[in-house]
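Quick note: the sequence shown uses our numbering, first residue 217, plus one each step.
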Amino acid sequence: MNLILLGFPGSGKGTQAKAISGRLGLVHISTGDIFREEISRKSPLGLEVSGYISSGKLVPDLVVLKLVRSRIATETKGLLFDGFPRTVEQAQGLDDFFATREQRVDAVLFLHVEENEVVKRLAARRSCAKCGKIYNTITAPPARENVCDVCQGGLILRNDDMPEVIKQRLMVYKDLTEPLLAYYRGNGIFHEIKGDSSPDAITENALAVLKTWSK
Ligand code: AMP
């Protein structure tokens, strides 16, 4: 199964992607995580994309598609995409790539969270600089302030979770990513789930939806 998670930045895609890929044995592909890793390694790709990311803009489609194709070219397991595709061009590029391998996108899950809620969540989001675990200072704080429960790493506010960058990212989402809902809605693989309950409840709901589909 190849699965795509869609939703506003801050809708919980990253948390759900980790949980669902673990439960279904899928390979989790987060383009945002890959870019952040490249930036911290100061690789040529990291240097190329850091300006886009810190200002809340999208990395150009050609760069993203090249990265994703090379990342998945040798994967034999099912894939779970988180943060990709983000434009209709990327979705078409993925469909074309899968077509060359007689594969396809099997399911698209849209995590529905209201905009005012994601603004609150993004401002309260902290992630571990070492292992990437995500916290929320209000709803899911770590046991010790600013220290990761899992690896004791320090927690950071992502540059692109600063208030003015959040605004830009939400605008970009509405302009360029929201049209994807119509792109996938048309072909019978789209499913919307509510993203405002507890993370565990959302995971169970998502798994139930996917089970119904795979029957
Ligand atoms: P994320 O962690 O998915 O919110 O991604 C963080 C940032 O990385 C985004 O705001 C974009 O600047 C960039 N990015 C991640 N995935 C993509 C993508 N599929 N297309 C373009 N830019 C991306």
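C-beta atoms are modelled at their ideal positions from N, C-alpha and C, and glycine is treated no differently.
Please read these numbers as outputs of a predicted model, since none were measured by experiment.
Given this structure, state the Cα-to-Cα distance separating residue i from residue j, to the nearest angstrom.
i	j	result
V381	A340	14 angstroms
A315	K282	16 angstroms
Y389	A307	14 angstroms
L242	I236	8 angstroms
V335	P225	9 angstroms
D377	G262	18 angstroms
L396	K273	17 angstroms
G404	Q368	44 angstroms
A422	R239	11 angstroms
R320	F313	9 angstroms
H407	P358	32 angstroms
E331	E361	27 angstroms
G223	E291	25 angstroms
P260	T428	43 angstroms
M387	T303	13 angstroms
A356	I418	15 angstroms
D277	Y399	17 angstroms
V363	G230	20 angstroms
E253	S266	11 angstroms
I255	G228	23 angstroms
P379	I269	14 angstroms
G411	A424	14 angstroms
In its own chain, which residues sit with a C-beta less than 6 angstroms from the C-beta of residue i, not counting the 5 before and 5 after it?
i	result
I354	A340
K293	V243
A233	L221, H244, L296 and D298
E305	D277
R285	F313
In the DSSP output, what is residue i paired with across the bridge?
i	result
D298	L221 and S246
A356	N352
A307	In DSSP, A307 forms no bridge with anything.
G370	V363
R342	Y351
K229	Paired residues: none, contrary to the question.
I409	L327
Can you give me the Cβ contacts of residue i inside the same chain, cut-off strictly under 8 angstroms, excluding the 5 residues immediately before and after it?
i	result
V366	C344, C347 and K349
L371	R342, S343, C344, A345, Y351, P358, N362, V363 and C364
Closer than 7 angstroms by C-beta to residue i: which residues in its own chain qualify, once you throw out the five before and the five after it? Chain order, please.
i	result
N352	R337, A340 and R341
TODO: Decide if the region 243-257 is in contact with the region 289-308; the criterion is three or more beta carbon pairs, one per stretch, under 8 angstroms apart.
DONE: Three or more Cβ pairs closer than 8 angstroms define a contact, and the region 243-257 meets that threshold against the region 289-308.
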